[in-house]
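Working notes for the structure below.
In our numbering, the protein residues as written are 2 to 359.
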């Protein structure tokens, strides 16, 4: 990213952007065009919704966390009929519950879900949900894959997903600034009917430009350059090895926090992040602050009602087992600093055993 910027309308950028597009298709496991937008992941949510629905359309939004619920917030902002499928935070969606809701609610235009709910560490059964949507409606299925793509298998074409979005700063390991939207031909058939106001997020305009390895507007050039290198590293590692590394790190992190007496929050955990409840009387915010300021390790706290109850350890992107050892070691010490009777080395030893398989 420190290299000299290149002109985004010149031949050098077109070559880089074309390579990035091909590698993104590999990551999304799709032959569909994967559009790159200069925005955050929330911008991809908004673009996905306003390009493939009409004003007043009915949208079912599967909740269970901050980002699943965000789809509904976007829909309401555009005057859509949002039907929530609420879930207690930490739980995963029940396909049978979605089936029953689809039978009750007529003419659903879109169903939304966050595959990996980062706020809770939960994984939703995307394959099963996709089957239900196909069997019981003509709705499009829009999936937030921001912390799923490149972490766990979300094969867009194989599962028949209509829309899959992601962002540059997660599994791709580059700075924020780019978001990605892949849409099926079935979704694009709805594009001409969409009547939402849009300009910057007009995906039809982007589709035409990016077919020529250009963007409709000025992109985050330095992030595109970094993304090319990150995608090359991911492909060199190989898809299965990539998924296995994330799964191994996730198992190690979960084992480590449980050895320290914390409880994993998610009913069905994602391999992107481990969310754990701290014991009563312990401030998660203070644990996070202590780890950062005293031990030089940055993790995240909870969100919403769980802001002071959860600690979240990310293992998404270019992490390995040594990072899990460092994180759990710092967590052990921070918990002791909070007055907990923690046996030093217990969590670290459990991580080590998980990593070597004993």
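Built from N, CA and C at the ideal position, the CB exists for glycine as well.
- In this chain, residue 84 is not harboured by any alpha helix (DSSP H); it is covered by the beta strand (DSSP E) spanning 82 to 86.
- In this structure, the straight-line span from the alpha carbon of residue 282 to that of residue 75 is close to 36 Å.
- Looking at the DSSP output, residue 145 sits in a beta bridge with 115 and 166.
- Counting only residues of its own chain and dropping the five nearest sequence neighbours on each side, residue 351 has a CB closer than 6 Å to the CB of 256, 257 and 260.
- Membership of residue 337 in any beta strand (DSSP E) is not indicated; the residue belongs instead to the alpha helix (DSSP H) covering 322 to 338.
- In the three-state DSSP reduction, residue 90 falls in the coil class, being neither helix nor strand.
- An exposed status is given to residue 104, since fewer than 16 other beta-carbon atoms sit within 10 Å of its beta-carbon.
- When the beta-carbon positions are compared, residue 182 and residue 38 come within less than 8 Å of each other.
- Beyond the five residues adjoining it in sequence on each side, residue 316 comes within less than 6 Å, by CB distance, of 250, 251 and 254 in the same chain, given in chain order.
- The count of Cβ pairs closer than 8 Å, one atom from the segment 149 to 169 and one from the segment 79 to 90, stays below three, leaving the stretches out of contact.
- In the structure shown, the three-state DSSP call for residue 122 is coil.
- Secondary-structure assignment with DSSP links residue 35 through a beta bridge to 183.
- For the pair residue 200 and residue 312, the Cα-to-Cα distance works out to about 39 Å.
- Residue 235 counts as buried, since no fewer than 16 other beta carbons sit within 10 angstroms of its beta carbon.
- Residue 270 sits in a strand when the DSSP states are folded into three classes.
- Bridge pairing for residue 302: 312 [DSSP].
- Nearest in C-alpha terms to residue 319, of all of 301, 238, 309 and 343, is 238.
- Contact check for residue 273 against residue 149 passes: the beta carbons are separated by less than 8 Å.
- Taken through DSSP and simplified to helix, strand or coil, residue 222 comes out as helix.
- For residue 60, the uninterrupted beta strand (DSSP E) segment begins and ends at 59 to 63.
- By alpha-carbon distance to residue 131, the top candidate from 221, 113 and 121 is 113.
- Contact fails between the segment 211 to 231 and the segment 293 to 304, because fewer than three Cβ pairs, one in each stretch, are under 8 Å apart.
- The three-state reading of DSSP puts residue 109 in strand, counting E and B together.
- The Cβ atoms of residue 93 and residue 125 lie closer than 8 Å to each other.
- Within the same chain, Cβ atoms closer than 6 Å to the Cβ of residue 286 are found at 302 and 309, the five residues on either side in sequence being excluded.
- In the DSSP assignment, residue 354 falls within the alpha helix (DSSP H) that extends over 347 to 357.
- The Cβ neighbour count for residue 233, taken over all protein chains shown within 10 Å, is under 16; the residue is labelled exposed.
- In terms of CA proximity to residue 172, 240 leads the group 127, 240, 295 and 128.
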